[in-house]
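In our numbering, the protein residues as written are -15 to 233. For every residue, glycine included, the Cβ atom is placed at its ideal position computed from N, Cα and C. Here the structure comes first, spelled out in structure tokens, and everything after it is commentary.
Pasting the structure below:
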């Protein structure tokens, strides 16, 4: 089994959600020997980078090596605190947030998420129980306007409009290239549909925690042979999955 060199994990519902198991993960990760063989830790969340930094500063989570925030729209080196500017330039092509916002805002029943969930490359909304046909119509409207966008819908409520190149998996793949990391040495973990793109990066192995929504297993079914489906929820499932993928914790 290929050693794990990088672990990219969602936060809410995955590392977070059960305080006791989160503390166990933090202790287990801290106990790993500090050496070139210790995997890099990447927090890959819908939360923005500053929000994740606050969680780490408050002691809820171990310090990562990189943050991927805003559903794949931000990458920062946690060790230096520096955003990776080259990634922002990578996202700009074909992105026009004001035009995308105007199209999405016309959707009946939609509600803009608070400012703390928004930034230059992330337009976030609440749209409850949207059927597939409605989501397809939104994609078509954005494309008809000549916009290169991605649409991420999860938890039957959360709608994110992003640059076409911005997904959790796309950002992870970009980071892997940036640091010369083979993707077959990467393990990812998540619990909802907006995590599915991480599992779709060629070569990665995955962990689906026990409390995951069915949408994640459905979206990643073709990669099931590389995915450990843990019976344990949240961070307990993460620990179980990392052990299943060969990390001694």
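| Check | Outcome |
| --- | --- |
| According to DSSP, which residues form a beta bridge with residue 96? | 109 |
| Would you mind working out which of 114, 85 and 220 sits nearest residue 194, comparing C-alpha positions? | 220 |
| Is the beta carbon of residue 191 sitting closer than 8 Å to the one on residue 207? | no |
| When DSSP labels each residue in this structure, what does residue 212 get in the three-state scheme? | strand |
| Start and end of the beta strand (DSSP E) containing residue 191? | 189 to 192 |
| For residue 66, which residues of its own chain have a beta-carbon under 8 Å away from its beta-carbon, when the five flanking residues on both sides are left out? | 60 |
| Nearest-angstrom Cα distance between residue 252 and residue 181? | Past the edges of the chain, shown from -15 to 233, lies residue 252, and the structure says nothing about it. |
| Which term fits residue 4, buried or exposed, when burial requires 16 or more other beta carbons within 10 angstroms of its beta carbon? | exposed |
| What's the gap between the Cα of residue 72 and the Cα of residue 29? | 17 Å |
| Between 13, 26 and 10, which has its C-alpha nearest residue 158's C-alpha? | 26 |
| Alpha carbon to alpha carbon, how far is residue 137 from residue 46? Give it in angstroms, no decimals. | 29 Å |
| Round the Cβ separation of residue 131 and residue 83 to the nearest angstrom and send it over; I've been treating them as touching at under 8 Å. | 6 Å |
| Cα-Cα, which of 89, 168 and 40 is closest to residue 144? | 89 |
| By Cβ distance, which residues of its chain are closer than 8 Å to residue 176, with the 5 residues on each side in sequence left out? | -6, -3, 138, 139, 196, 197, 199 and 200 |
| Could you give the C-beta distance for residue 204 and residue 184, rounded to a whole number, given that I count them as a contact under 8 Å? | 7 Å |
| For the alpha helix (DSSP H) containing residue 135, name the first residue and the last one. | Taken as a continuous stretch (DSSP letters only), residue 135 belongs to no alpha helix (DSSP H), being part of the beta strand (DSSP E) at 133 to 138. |
| Could you pull the start and end residues of the alpha helix (DSSP H) that residue 224 belongs to? | 218 to 228 |
| With respect to the alpha helix (DSSP H) encompassing residue 82, which residues constitute its N-terminal and C-terminal limits? | 81 to 89 |
| Rounded C-beta distance between residue 106 and residue 153? I'm assuming under 8 Å. | Wrong, their Cβ atoms sit about 16 Å apart, outside the cutoff. |
| The alpha helix (DSSP H) that contains residue 198, what's its start and end? | 198 to 203 |
| Quick one: what's residue 32 bridged to in DSSP? | Bridge partners of residue 32: none, in fact. |
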